[in-house]
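Peer 1:
Residue numbers (this note's numbering), protein chains in the order written: chain A, 1 to 218; chain B, 219 to 448.
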């Protein structure tokens, strides 16, 4: 069974380590915060200017002066703090943010990522994605393995305009966990019940399969 | 020294057609609501607006788009606004999309007197076209230029009559850097106080950067995406 978006988020949450500062993108990445393993404490960074981002507020605690980078109303946890956008991207560029999780339209087997623009369609802008992918120490992409037409989103070369070059370290898709290596995507884990053959068939980029590939533990 | 003006109309009285403006805020949070309304009333045209976002159809900078007062936008993300899309596709509006951190730092550098800097953001992408690339410690960087404005227009939570400013929660966003990057910086505040009422240890923007300040009124503080705990 391919994972749903919650399964992808749960698997990514296993990558979290105690003490990490983490930036989660919009969509599936945001769900990761619901599955932080017990005994582990992380700080979420929101690039509009907050560390220690908490969950959505109760109705009576909504504050228009307190939003996340997706412009949603949120809360701040004890020990959190606020700062401005220049400082926020300073800490991102300086490598203080340990892990960035974001979505992608395409990833290439050299780590290139495209997730901001489809030529011919409305261009909404890259937001902070180019800064994050260029600078984060570790980037995990949360994505579906194929697009709605069934075409692979893991390619030899991105066809869409790039967001960043050679920056993705790991991918967690609905079918697999893969590392980006000099030889291409290295298959690390399969989604429960998904065969190596299916992953091979749905990966257009170079795929390295070595030995027995374990199933993810979700 | 008195930087206080009566209201937004007085604060913005000398903004000419074709001016380059910075407008603070992230999404609709922390935007200078009174000043945007006054710009609509004043009817200045051909504006270049530097702002992370472009508002929504009927609020924020969307109000100035509706009246076609904006010629060009410099932003990182503009996806919340159908009128924006229409004007962009029809060629009425020019847009320069800039990575958010690059935008923030270009503004910050203007306030620090530094003409240019190098950032890895956008290297190898289409936004690198025409930009100088330099390698430092084995990594490639783009040269980006400081970004100035004729007028920076921002909102703070509290300010004193000397122009010292304090912000609340995530409303600092682009506003604190913009405050330092305007040839003329105009600030509207929720609470205008007397010198000595702000704790000097807690000032986010020193008054030296601020030229005009006024007590704002009738803040709507519209929420763009209301999300609550399940």
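We put the beta carbon where it would ideally sit given N, CA and C, even for glycine.
Are there three or more Cβ pairs, one per stretch, closer than 8 Å when the region 163-170 of chain A is compared with the region 104-113 of chain A?
Peer 2: Touching, yes, given that three or more Cβ pairs across the two stretches are closer than 8 Å.
Peer 1: Could you confirm whether any beta carbon from chain A is found closer than 9 Å to the beta carbon of residue 374/B?
Peer 2: Counting from one through the second chain, the residue named residue 374/B turns up at place 156. Cβ-Cβ to chain A under 9 Å: no for residue 374/B.
Peer 1: Among 377/B, 319/B and 311/B, whose alpha-carbon lies nearest the alpha-carbon of residue 85/A?
Peer 2: Locating residue 85/A in the first chain gives position 85, counting from the first residue. It is 319/B whose Cα lies nearest to the Cα of residue 85/A.
Peer 1: Determine the chain A residues that contact residue 434/B at a beta-carbon separation under 8 Å, and present them in chain order.
Peer 2: If you number the second chain from 1, residue 434/B lands on position 216. Result: empty, since nearest Cβ-Cβ is about 14 Å, beyond 8 Å.
Peer 1: Pick from 75/A, 13/A and 99/A: whose alpha carbon is nearest that of residue 446/B?
Peer 2: Here residue 446/B refers to the residue found at position 228 when the second chain is read from its first residue. Ranking the options by Cα distance to residue 446/B, first place goes to 75/A.
Peer 1: Residues of the region 98-111 of chain A with a CB closer than 9 Å to any CB of chain B: list them in chain order, please.
Peer 2: Residues: none.
Peer 1: Run through DSSP, which three-state label would residue 130/A get?
Peer 2: For the purposes of this step, residue 130/A is identified with residue 130 of the first chain, where counting begins at 1. In this structure, residue 130/A counts as helix in the three-state DSSP scheme.
Peer 1: Evaluate contact between the region 287-298 of chain B and the region 349-358 of chain B, counting only Cβ atoms and requiring at least three cross-stretch pairs below 8 Å.
Peer 2: The region 287-298 of chain B, when compared against the region 349-358 of chain B, does not touch it at the 8 Å Cβ threshold.
Peer 1: Got a sec: does the ligand COA put a non-hydrogen atom nearer than 8 Å to the Cβ of residue 12/A?
Peer 2: The ligand COA is not part of the structure shown, which contains no ligands of any sort.
Peer 1: So is residue 267/B buried or exposed if we call it buried at 16+ other beta carbons inside 10 Å?
Peer 2: Mapped onto the second chain, residue 267/B falls at position 49. With 16 or more other Cβ atoms within 10 Å, it is buried.
Peer 1: Buried or exposed, going by whether 16 or more other CB atoms sit within 10 Å of the CB of residue 300/B?
Peer 2: Counting from one through the second chain, the residue named residue 300/B turns up at place 82. With fewer than 16 Cβ atoms within 10 Å of its Cβ, residue 300/B is classed as exposed.
Peer 1: Can you list, in chain order, the residues of its chain with a C-beta nearer than 6 Å to that of residue 325/B? Leave out the 5 residues immediately preceding and following it.
Peer 2: Mapped onto the second chain, residue 325/B falls at position 107. Only 365, 395, 396 and 399 meet the Cβ criterion.
Peer 1: With a cut-off of 8 Å on the beta carbons, I'd call residue 241/B and residue 249/B a contact; round off their distance for me.
Peer 2: Position 23 of the second chain, counted from the start, is the residue given in the question as residue 241/B. Position 31 of the second chain, counted from the start, is the residue given in the question as residue 249/B. Indeed, because the Cβ distance is near 7 Å, the residues count as touching under 8 Å.
Peer 1: Could you tell me which of 33/A, 39/A, 37/A and 40/A sits nearest to residue 46/A, measuring between CA atoms?
Peer 2: Counting from 1 along the first chain, the entry for residue 46/A is found at position 46. Among 33/A, 39/A, 37/A and 40/A, the Cα nearest to that of residue 46/A belongs to 33/A.
Peer 1: Is the beta carbon of residue 388/B sitting closer than 9 Å to the one on residue 244/B?
Peer 2: Counted from its first residue, the second chain places residue 388/B at position 170. Counted from its first residue, the second chain places residue 244/B at position 26. For residue 388/B and residue 244/B, yes; Cβs fall inside 9 Å.
Peer 1: The alpha helix (DSSP H) with residue 196/A in it runs from where to where?
Peer 2: On the first chain, position 196 is the one that residue 196/A refers to. First-last of the alpha helix (DSSP H) with residue 196/A: 196-201.
Peer 1: Which residue's Cα is closest to the Cα of residue 174/A: 122/A, 142/A and 35/A?
Peer 2: Counting from one through the first chain, the residue named residue 174/A turns up at place 174. Looking at the Cα atoms, 142/A is the closest of the given residues.
Peer 1: Hey, residue 205/A and residue 156/A are a contact pair by Cβ (cut 8 Å); roughly how many whole angstroms apart?
Peer 2: The residue you call residue 205/A lines up with position 205 of the first chain. The residue you call residue 156/A lines up with position 156 of the first chain. With a Cβ gap of about 5 Å, residue 205/A and residue 156/A count as contacting.
Peer 1: At a Cβ cut of 9 Å, what residues of the region 45-72 of chain A count as close to chain B, listed as they run along the chain?
Peer 2: Listed by position, the residues of the region 45-72 of chain A near chain B (Cβ gap below 9 Å) are 46, 47, 48, 49, 50, 55, 56, 57, 58, 59, 61, 62, 63, 64, 65, 66, 67, 68, 69, 70, 71 and 72.
Peer 1: Please classify residue 158/A: is it buried, with 16 or more other beta-carbons within 10 angstroms of its beta-carbon, or exposed?
Peer 2: For the purposes of this step, residue 158/A is taken as residue 158 along the first chain, with counting starting at 1. Buried is the call here.
Peer 1: What are the start and end residues of each continuous beta strand (DSSP E) run of 3 or more residues lying completely inside the region 139-165 of chain A, in chain order?
Peer 2: You should have 139-143.
Peer 1: Is residue 251/B closer than 9 Å to residue 376/B when the C-beta atoms are compared?
Peer 2: Your numbering for residue 376/B matches position 158 in the second chain. Your numbering for residue 251/B matches position 33 in the second chain. No, the pair does not count as a contact, with Cβ atoms beyond the cut-off.
Peer 1: Tell me whether the region 47-62 of chain A and the region 81-95 of chain A touch, counting them as touching only if at least three CB pairs, one residue from each stretch, are closer than 8 Å.
Peer 2: With the cut-off at 8 Å, the region 47-62 of chain A and the region 81-95 of chain A touch.
Peer 1: Taking residue 253/B as part of the alpha helix (DSSP H), name the residues at either end of that continuous run.
Peer 2: As a position in the second chain, residue 253/B is number 35, starting the count at 1. Start and end: 251-260.
Peer 1: Identify whether residue 210/A lies in helix, strand or coil by the three-state DSSP scheme.
Peer 2: On the first chain, position 210 is the one that residue 210/A refers to. Three-state result, residue 210/A: coil.
Peer 1: Candidates 77/A, 68/A and 104/A: which alpha carbon is nearest residue 88/A's?
Peer 2: Taking the first residue of the first chain as position 1, residue 88/A is located at position 88. Of the candidates 77/A, 68/A and 104/A, the one whose C-alpha sits nearest the C-alpha of residue 88/A is 68/A.
Peer 1: The beta strand (DSSP E) that contains residue 189/A, what's its start and end?
Peer 2: Taking the first residue of the first chain as 1, we reach residue 189/A at position 189. Segment 184-190, the beta strand (DSSP E) holding residue 189/A.
Peer 1: Enumerate, from N- to C-terminal direction, the unbroken beta strand (DSSP E) stretches of 3 or more residues contained entirely within the region 87-136 of chain A.
Peer 2: If we require 3 residues or more, the beta strand (DSSP E) runs fully inside the region 87-136 of chain A come out as 99-103 and 106-108.
Peer 1: By the three-class DSSP mapping on this structure, what secondary structure does residue 445/B have?
Peer 2: The residue given as residue 445/B occupies position 227 in the second chain. Three-state result, residue 445/B: coil.
Peer 1: For a test of the three-state rule: what should DSSP assign to residue 48/A, helix, strand or coil?
Peer 2: Numbered from 1 along the first chain, position 48 holds the residue referred to as residue 48/A. Here residue 48/A sits in coil by DSSP.
Peer 1: What residues in its chain sit with their C-beta under 7 Å from that of residue 91/A, if we drop five residues either side in the sequence?
Peer 2: Numbered from its first residue, the first chain carries residue 91/A at position 91. So the qualifying residues of the chain are 97.
Peer 1: May I ask you to list, following chain order, the residues of the region 264-294 of chain B that have a beta carbon less than 9 Å from some beta carbon of chain A?
Peer 2: The region 264-294 of chain B vs chain A, Cβ under 9 Å: 270, 271, 293 and 294.
Peer 1: Relative to the C-alpha of residue 384/B, which residue among 431/B, 344/B, 349/B and 342/B is closest?
Peer 2: Counting from 1 along the second chain, the entry for residue 384/B is found at position 166. Answer by Cα proximity: 431/B.
Peer 1: Label residue 264/B either buried or exposed according to how many other C-beta atoms from any shown protein chain fall within 10 Å of its C-beta, with 16 as the threshold for buried.
Peer 2: As a working note, residue 264/B is residue 46 in the second chain. Exposed, since its Cβ has fewer than 16 Cβ neighbours within 10 Å.
Peer 1: Taking the C-alpha atoms as reference points, what is the distance between residue 279/B and residue 152/A?
Peer 2: Residue numbering aside, residue 279/B sits at position 61 when the second chain is read from its first letter. Residue numbering aside, residue 152/A sits at position 152 when the first chain is read from its first letter. Roughly 39 Å between the two C-alpha positions.
Peer 1: Candidates 390/B, 408/B, 367/B and 416/B: which alpha carbon is nearest residue 382/B's?
Peer 2: Start at 1 with the first residue of the second chain, and residue 382/B comes out as number 164. The residue with the shortest Cα to Cα distance from residue 382/B is 416/B.
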